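In the numbering used here, the protein residues as written are 1447 to 1681.
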Ligand SMILES: *Cc1c(COP(=O)(O)O)cnc(C)c1O
């Protein structure tokens, strides 16, 4: 059996859905980059997906697990841009700064300062996104839309960090109108705080809501289960 076949089909389906969402909203699909979220995927499936040559950005949400995977030669040989999308603890900042190109989940200055320090030691510039909190759930990380520009201004003072956008995790709901309204709010803040013409990223949308997110302006949807199903490892 060709293990890559279902993955190829999933990838094609997700890419087609992104194109259709772009068509519906009169956007160019070239302005949207699919991030493959590999956190729950089996190694063989991640490698099969990378072998297609169609994935340039990946996302992981646990530092330790990501390091064990992406430092191995068979993974390291792929020149993919690595995003950290989970909640970053300050004591993991050194490891994260070494492994990742982007930290997409910045929601406090202290962790950013720690990343800045470690990036300086490595002579590296880290791209960072500020995570916006889109739900009332206690467990959800992120800053409010009101706080976001304050944090962005503080991050600009950190020389080894390049702050270039917003990331958000929408509530789990089938209420498309509600999702759309939330995404619109984040998009408006993004346009205000990150002027067009410079390198910038708006990372909204996951397996369940990336089509709406792309219609509303996401440039970096993060898709895991829709790519790797039915090959997901049990948690
Ligand atoms: C796991 C995860 C995703 C991918 O979720 P799916 O629903 O499997 O596509 C996207 N973003 C973040 C921050 C995640 O933790």
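Quick reminder that beta carbons are idealized off the backbone N, C-alpha and C, glycines included. Here the structure is a predicted model, which means the values were calculated and not measured.
Quick check: what's the CA-CA separation for residue 1621 versus residue 1451? Each residue's CA atom was taken as its position, placing residue 1621 and residue 1451 some 33 Å apart.
Given the structure, does residue 1654 come close to ligand 1, in the sense that its CB is under 8 Å from one of the ligand's heavy atoms? Correct: residue 1654 has its Cβ closer than 8 Å to ligand 1.
Measuring only the C-alpha atoms, how far is residue 1517 from residue 1587? Roughly 27 Å separates the two Cα atoms.
Between residue 1577 and residue 1601, what straight-line distance do the alpha-carbon atoms span, to the nearest angstrom? Each residue's alpha carbon lies about 13 Å from the other.
Rounded to the nearest angstrom, what separates residue 1447 and residue 1674 at their Cα positions? Any reading at residue 1447 must be qualified, since the residue scores a pLDDT of 48, below 50, and its modelled position is unreliable; no value is offered.
Is any heavy atom of ligand 1 found at a distance shorter than 8 Å from the C-beta of residue 1485? Distance from the C-beta of residue 1485 to the nearest heavy atom of ligand 1 is below 8 Å.
What whole-angstrom Cβ distance do residue 1520 and residue 1484 have, given they're in contact under 8 Å? At roughly 14 Å, the Cβ-Cβ gap does not stay under 8 Å, so residue 1520 and residue 1484 are not in contact.
Ligand 1 heavy atom lying under 8 Å from the CB of residue 1664: No, since every heavy atom of ligand 1 falls outside the 8 Å radius drawn around the Cβ of residue 1664.
Let me make sure I understand the geometry here. Which of 1560, 1593, 1651 and 1646 has the alpha-carbon closest to that of residue 1619? For the residues 1560, 1593, 1651 and 1646, the minimum Cα distance to residue 1619 belongs to 1651.
Between 1511, 1466, 1473 and 1475, which has its C-alpha nearest residue 1488's C-alpha? Cα-wise, what sits closest to residue 1488 is 1511.
Apart from the five residues just before and just after residue 1623, which ones in its own chain have a Cβ nearer than 7 Å to its Cβ? Within the same chain, residue 1623 has no close Cβ partners at all.
Which word fits residue 1572, buried or exposed, when buried means at least 16 other C-beta atoms lie within 10 angstroms of its C-beta? Burial call: buried.
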